[in-house]
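Undergrad:
Protein chains: 2
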Amino acid sequence: MAAPGRPRDDIPVNPPRLQDVAARAGVSTATVSRALSGNGQVSPRARARVQQAAQELGFVVSYHASSLASGRSRNIGVALPYVDRWYFSTVLEGVAGALMEAGYDLSLYNFEGDRYRETVLTDFLLRKRLDAAVAVSLQLDPAETEQLFSAGIPLVGVGGPLVGASTISIDDLDVGRRATEHLIGLGHRRIAHLGGAEEGRRYFPMSNDRRTGYEQAMTKAGLPIEPTWSLIADYTFTDAYQRAKNLLADPTDRPTAIFAASDEMAAGAILAARDLELTVPGDLSVIGIDAHPIGEAFGLTTIDQHARQQGVHAIRRLLQHLTGQNTEPTNEIVPANFVVRSSTGTPANPTAI
Amino acid sequence: MAAPGRPRDDIPVNPPRLQDVAARAGVSTATVSRALSGNGQVSPRARARVQQAAQELGFVVSYHASSLASGRSRNIGVALPYVDRWYFSTVLEGVAGALMEAGYDLSLYNFEGDRYRETVLTDFLLRKRLDAAVAVSLQLDPAETEQLFSAGIPLVGVGGPLVGASTISIDDLDVGRRATEHLIGLGHRRIAHLGGAEEGRRYFPMSNDRRTGYEQAMTKAGLPIEPTWSLIADYTFTDAYQRAKNLLADPTDRPTAIFAASDEMAAGAILAARDLELTVPGDLSVIGIDAHPIGEAFGLTTIDQHARQQGVHAIRRLLQHLTGQNTEPTNEIVPANFVVRSSTGTPANPTAI
DNA sequence: GTGAAAGCGCTAACAG
DNA sequence: CTGTTAGCGCTTTCAC
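Each protein sequence line maps, in turn, to chains A and B. Just so we're aligned, residue 1 is where the first sequence starts under UniProt numbering, counting upward by one. Just so we're aligned, residue 1 is where the second sequence starts under UniProt numbering, counting upward by one.
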C-alpha cells in the first residue's frame, strides 16, 4: 500500500507526519514527540510552536507507529461470555466509560457462551496488541492463566475468581445469605431458590455461591431445603417465568417466598405468580439480586451489586497495574446493599412444615 | 522500552520475530511473510518449513508492525449510543460474531447517549487504527460524514440513515404501519402509541418513522389520532410502565389498544394494564416491535426486526467494501415479520368514537 | 533543552 | 518462486 523503496518526494497531501510538524515548527522530530506526548523536557517556547504547528496541520499520531516504537498500545481487551445480558452489558458500560476517560481504546472479545472461548484466548496472548485485559466471569484453568501471564499482559477479573490476578466482585456467598435471611426474618419458612445454570462449567461461579449462601442461611435457621424448591433457569426472564410457574402451580407444595439469583429471574417469577392469581407479597415474596432497572416496575426487592461500578473499578485497578503502582494482585469486594421495595413482606399464612 | 540504538545481540528469549522464523526455516523474511499471510507465491516445500518453524517457535505476527508496514489493521470500529439496551447489545452480538469469524478485531466506542459523541468521532478519524467502522443508530451531520470519508474509512450504518454510506435497517415506516393495521384489522379504533424519545436529536430516528407509520395507518382508516394517546417514554420497561399506567388509569378516555415502538415498552404497558386489573387482550391489546425474549413470557405480539442479523449483515457489507467488491453505497432493508402471540385480539367492547 | 540516528517488526516493490 | 532492501511513522537513547 505505502510504496516502500520509493522516496516520498511529493507534497504531503497525505496525513501529516511527525516530520511535517517538526519542519513547520522548526524543531526536530524528537522534540515534537516529546512535546506532544509529555514525556521528557521541552521548553515552553518549543512546546507552543509544536502545538501550533500540529494544530494547523491537523496532525495526529499514528498509533501503529507509536505502538511499534514504544511497545505500548493504549488498548485494553475485554473478554466476556455475553454482551446481550444485563450484568455483562452493564459491566461493559462501566468499563467502556472508564477506559474512554483514560484515553484507552477497548477491544471487545465476546465468547458467545463457550463458542469463541478458545479462539479468543488464543488471540489474546498472540496478537501482541493489548496492554492489558479484563475478563468478566471467566474461569481459567491453570494452563490458560499461565499463558496469559507469561505473555506479560496484566489481567483483572470481574465477577469471579481468577487465580493470580486482581479481581473485583461482590461477596456472592454473603449476598445469598443476606437475601435469604431477609426472607427468614420476615417470617418465611418455605423458601425456594431460583438459580442460574452453570453453562459449560465455565461461567457463573457466582450462581453457585449464592445458592450456597441460601443453603447456609436455611440450615442455620433450621429450615428444610426441599430439592424441588431448588430451581435452575438460564438467567433469562422467560425461562425463570416458566420454571416458577411450574413450581407455583401446585397448591399443595408451594413456597411462600423465592430468592432468585438475578432480578430478571425474580421478575419472571413475579409474573408467573400473578398469572396464577397469587398476590405478591401476600401469597409470595420475591427477592432478587442486581438492581436491574426492570425491578422498579415490579416493585422488586433486591440487592444492588453495582455492576457498572464493578466495571469502573476493574479499569481503575488495571491502570494501577499498568503504571507500576500496587502491582500485587488484590481481591476487591464491592459492597452490595439492599433496595427494599414491595415484593417482600410477611407471609399471609405462615405455614409450619 | 525496546532499546533503540543498541543492537540486539542477546539470545531471543523475547517473543520470536519473523527473522527468527526465517533463520530456522532457512529462508528469507519475505518468504516467511508470504507463507504466513498467504499473499504471494510460495512453494509448498518452503511453506511447510516455515509453518513448522513458526509452530515450533510459537511465532505470532506483531500486529503493530504488520499494520504499520501494510496500512491495514484488521480492526473495525463499532460506535453505538448504548451497550446496555437490548437493540444495541443484540446488534453488537451479531457484529462481534461476524467479525470474529472473519478474523477481525473489534474496537468498541460507546457514546453513553451523547456524552462521548465528540470524543469518539474525533478519535475515530484521527487515530489511524481502524480499517472501517460501523455506526449503530448514529445521526451524522454533513461535516462529520465528510470528515469520516476523507479519512478514508469505509462506513456502514445500522438502524438509521447515513448519507453517503451503506446502511442496513428495517423499514420503520412500514413496520409502524403494519403494526397499527394489525390492530385496526382486529377491530380496534381507539389506538394509542407509545414511542421513544429522541434524545438530543441525535439518535433513534426509527422512533419517529414508526410513529409516522402509525399516524398514516390511522389516517388512512379514518381514525382519530388523539394527542393524549401519543406517549413518549425513554425506551425502558419501567418508564413505559409508568406512562401507560397514567394513560390507562382514566376509564373515561381509554384506548383499547397500544402500539409500542419496542417490546420492552410494550411489556411495561402490559404490566401496567394488569396492575389496573385490565385484561390483555380483553380490555387492552398490545403490540410491540423487536422480538425481545422478554416478550415470550408476556405473550406479546410483536414484529421481529432481527436485530442480530442486522449486525451480521452490516459486517458482511463492510467486508465487501474492504475487499473492493461492490463499493457503491447500498441501502439494505431487512424484512421484519410478525410474531403473533396472545396480547392482541378483538376488543371486548368496541366503542365508536 | 535539543538533535541525530538507530531501531521497533513487518511488508512489498523490484530484480532475479 | 525467492531474496534484497527500503521504508511504514514514531520513540528513545546518547551526546551535546
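We put the CB at the ideal spot given by N, CA and C, even for glycine. This structure is a prediction, so every number in the text was calculated from the model and none was measured.
Using the beta-carbon of each residue, which ones in chain A are nearer than 8 angstroms to proline 293(B)?
TA: Residue mapping note: residue 293(B) aligns to position 293 of the second sequence, counting from 1. Going along chain A in sequence order, the residues near proline 293(B) (Cβ under 8 angstroms) are Thr236, Phe237, Thr238.
Undergrad: Measuring straight from C-alpha to C-alpha, what distance separates residue 384(B) and alanine 192(B)?
TA: No statement about residue 384(B) is possible, as the shown extent of chain B runs from 1 to 353 and does not include it.
Undergrad: Apply the 10 Å Cβ neighbour rule to valine 21(A) and answer buried if 16 or more other Cβ atoms are within range, or exposed otherwise.
TA: Position 21 of the first sequence, counted from the start, is the residue given in the question as residue 21(A). So valine 21(A) counts as buried.
Undergrad: Tell me aspartate 131(A)'s beta-bridge partners as DSSP assigns them.
TA: Numbered from 1 along the first sequence, position 131 holds the residue referred to as residue 131(A). Note: aspartate 131(A) sits in no beta bridge, so no partner.
Undergrad: Quick one: using the 10 Å Cβ neighbour count with 16 as the cut-off for buried, is threonine 236(B) buried or exposed?
TA: If you number the second sequence from 1, residue 236(B) lands on position 236. Its Cβ being crowded by 16 or more others within 10 Å, threonine 236(B) is buried.
Undergrad: Tell me, which residues are paired with serine 169(B) by DSSP?
TA: Taking the second sequence and counting its residues from 1, the one referred to as residue 169(B) is at position 169. For serine 169(B), which the question treats as bridged, DSSP gives the partners Ile333(B).
Undergrad: When you check each C-beta in the segment 254-269 of chain B against every C-beta of chain A, which residues fall closer than 7 angstroms?
TA: Those residues of the segment 254-269 of chain B that come within reach of chain A (Cβ to Cβ, closer than 7 angstroms) are Gly268.
Undergrad: Have a look at the DSSP bridge pairing and note the partners of alanine 79(A).
TA: Counted from its first residue, the first sequence places residue 79(A) at position 79. DSSP, once it has assigned bridges, lists Tyr109(A), Ala135(A) as partnering alanine 79(A).
Undergrad: Are the Cβ atoms of isoleucine 303(A) and isoleucine 315(A) separated by less than 8 angstroms?
TA: By 1-based counting over the first sequence, the position of residue 303(A) is 303. By 1-based counting over the first sequence, the position of residue 315(A) is 315. For isoleucine 303(A) and isoleucine 315(A), no; Cβs fall outside 8 angstroms.
Undergrad: Under a three-way DSSP split, which group does glycine 185(A) fall into?
TA: Taking the first sequence and counting its residues from 1, one reaches residue 185(A) at position 185. If DSSP states are grouped into helix, strand and coil, glycine 185(A) belongs with the helices.
Undergrad: With distances taken from CA atoms, which of Ser66(A), Pro335(A), Gly282(A), Lys245(A) is nearest glycine 268(A)?
TA: As a working mapping, residue 268(A) is identified with position 268 in the first sequence. The option with the nearest alpha carbon to glycine 268(A) is Lys245(A).
Undergrad: Run the CB neighbour count on glycine 58(B), radius 10 Å, all protein chains shown included, and call it buried at 16 or more, exposed below.
TA: Indexing the second sequence from 1 puts residue 58(B) at position 58. It is exposed - the Cβ of glycine 58(B) has fewer than 16 other Cβ atoms within 10 Å.
Undergrad: Give a yes or no on whether 8 angstroms exceeds the smallest Cβ distance from aspartate 143(A) to chain B.
TA: Counting from 1 along the first sequence, the entry for residue 143(A) is found at position 143. Reading off the sequence shown, one finds alanine at residue 143(A), where the question assumed aspartate. Not an interface residue.
Undergrad: How far does the beta strand (DSSP E) with isoleucine 232(B) in it extend, from its first residue to its last?
TA: Sequence index remark: in the second sequence, residue 232(B) carries index 232 (1-based). Element bounds for isoleucine 232(B): 230-233.
Undergrad: Look at isoleucine 153(B) and alanine 135(B) and say whether their C-beta atoms are less than 8 angstroms apart.
TA: Mapped onto the second sequence, residue 153(B) falls at position 153. Mapped onto the second sequence, residue 135(B) falls at position 135. No; because the gap between Cβ atoms is not below 8 angstroms, this pair is not in contact.
Undergrad: Give the secondary structure of leucine 148(A) by DSSP, where H, G and I count as helix, E and B as strand, and everything else as coil.
TA: The residue you call residue 148(A) lines up with position 148 of the first sequence. Helix, per DSSP.
Undergrad: According to DSSP, is serine 28(A) part of a helix, a strand, or is it coil?
TA: As a working note, residue 28(A) is residue 28 in the first sequence. Correct three-state label for serine 28(A): coil.
Undergrad: Just mark threonine 346(A) as buried or exposed, buried being the case when its beta carbon has 16 or more other beta carbons within 10 Å.
TA: Within the first sequence, the letter at position 346 stands for residue 346(A). Threonine 346(A) should be labelled exposed.
Undergrad: Check whether the Cβ atoms of serine 166(B) and leucine 130(B) sit closer than 8 angstroms, and answer yes or no.
TA: Counting from one through the second sequence, the residue named residue 166(B) turns up at place 166. Counting from one through the second sequence, the residue named residue 130(B) turns up at place 130. Going by C-beta atoms, serine 166(B) is not nearer than 8 angstroms to leucine 130(B).
Undergrad: Under a CB-based cut-off of 8 angstroms, is methionine 100(A) close to chain B?
TA: Within the first sequence, the letter at position 100 stands for residue 100(A). Closer than 8 angstroms to some Cβ of chain B, the Cβ of methionine 100(A) qualifies, so yes.
Undergrad: Decide if the segment 325-344 of chain A is in contact with the segment 275-293 of chain A; the criterion is three or more beta carbon pairs, one per stretch, under 8 angstroms apart.
TA: Result yes; three or more Cβ-Cβ pairs closer than 8 angstroms.
Undergrad: Could you spell out where the beta strand (DSSP E) holding phenylalanine 59(A) opens and where it closes?
TA: Counted from its first residue, the first sequence places residue 59(A) at position 59. First-last for phenylalanine 59(A): undefined, no H or E at that position.
Undergrad: Grab me the residues of asparagine 75(A)'s own chain with a C-beta within less than 7 angstroms of its C-beta, minus the 5 sequence neighbours each way, in chain order.
TA: The sequence position of residue 75(A) within the first sequence is 75, counting from 1. The answer, listed in chain order, is Tyr104, Asp105, Ser107, Arg129, Leu130, Asp131.
Undergrad: Taking the straight line between their C-alpha atoms, what separation do you get for isoleucine 225(B) and aspartate 209(B)?
TA: Working through the second sequence from its first residue, we reach residue 225(B) at position 225. Working through the second sequence from its first residue, we reach residue 209(B) at position 209. Taking the straight line from one Cα to the other gives about 16 angstroms.
Undergrad: Measuring alpha carbon to alpha carbon, tell me which of Leu223(A), Thr228(A), Leu183(A), Leu140(A) ends up nearest aspartate 250(A).
TA: Translated into positions along the first sequence, residue 250(A) becomes position 250. Looking at the Cα atoms, Thr228(A) is the closest of the given residues.
Undergrad: Taking tyrosine 104(B) as the query, report the chain A residues whose CB atoms sit under 8 angstroms from its CB, ordered along the chain.
TA: Within the second sequence, numbered from 1, the residue matching residue 104(B) stands at position 104. Within chain A, no residue comes near tyrosine 104(B); the closest Cβ sits about 11 angstroms away, beyond 8 angstroms.
Undergrad: Could you check whether valine 60(B) and leucine 126(A) sit closer than 8 angstroms to each other, using their CB atoms as the reference points?
TA: The residue labelled residue 126(A) in the question sits at position 126 within the first sequence. The residue labelled residue 60(B) in the question sits at position 60 within the second sequence. Yes, they are a contact pair.
Undergrad: For arginine 17(B), name the three-state secondary structure that DSSP assigns.
TA: Against the second sequence, residue 17(B) aligns to sequence position 17. The answer is coil: DSSP assigns arginine 17(B) none of H, G, I, E or B.
Undergrad: Applying a beta-carbon distance threshold of less than 8 angstroms, which residues of chain B neighbour proline 15(A)?
TA: Working through the first sequence from its first residue, we reach residue 15(A) at position 15. Those within 8 angstroms of proline 15(A) in chain B are Lys128.
Undergrad: Classify leucine 194(A) as helix, strand or coil using the three-state DSSP reduction.
TA: Taking the first sequence and counting its residues from 1, one reaches residue 194(A) at position 194. Leucine 194(A): strand per DSSP, three-state reduction.
Undergrad: Using a Cβ-Cβ cut-off of less than 7 angstroms, list which residues of the segment 274-294 of chain B approach chain A; keep chain order.
TA: Taking 7 angstroms as the Cβ-Cβ cut-off against chain A, the residues of the segment 274-294 of chain B that qualify are Arg274, Pro293, Ile294.
Undergrad: Hey, could you find the ends of the alpha helix (DSSP H) alanine 269(A) is sitting in?
TA: If you number the first sequence from 1, residue 269(A) lands on position 269. Per DSSP, alanine 269(A) belongs to the alpha helix (DSSP H) from 263-275.
Undergrad: Determine whether the Cβ of alanine 3(A) lies closer than 8 angstroms to any Cβ atom of chain B.
TA: For the purposes of this step, residue 3(A) is taken as residue 3 along the first sequence, with counting starting at 1. The predicted position of alanine 3(A) is uncertain, since its pLDDT is 38 and thus under 50; a value taken from the coordinates is nonetheless stated next. False, the Cβ-Cβ gap to chain B never drops below 8 angstroms.
Undergrad: Secondary structure at alanine 297(A), three-state DSSP: helix, strand or coil?
TA: The residue given as residue 297(A) occupies position 297 in the first sequence. Reduced to three states, the DSSP call for alanine 297(A) is helix.
Undergrad: From serine 230(B) to isoleucine 168(B), what distance separates their C-alpha atoms?
TA: In the second sequence, counting from the first residue as 1, residue 230(B) sits at position 230. In the second sequence, counting from the first residue as 1, residue 168(B) sits at position 168. Those two C-alpha atoms are separated by around 28 angstroms.
Undergrad: For a test of the three-state rule: what should DSSP assign to leucine 155(B), helix, strand or coil?
TA: By one-based count along the second sequence, residue 155(B) stands at place 155. Residue state, collapsed to three classes: strand.
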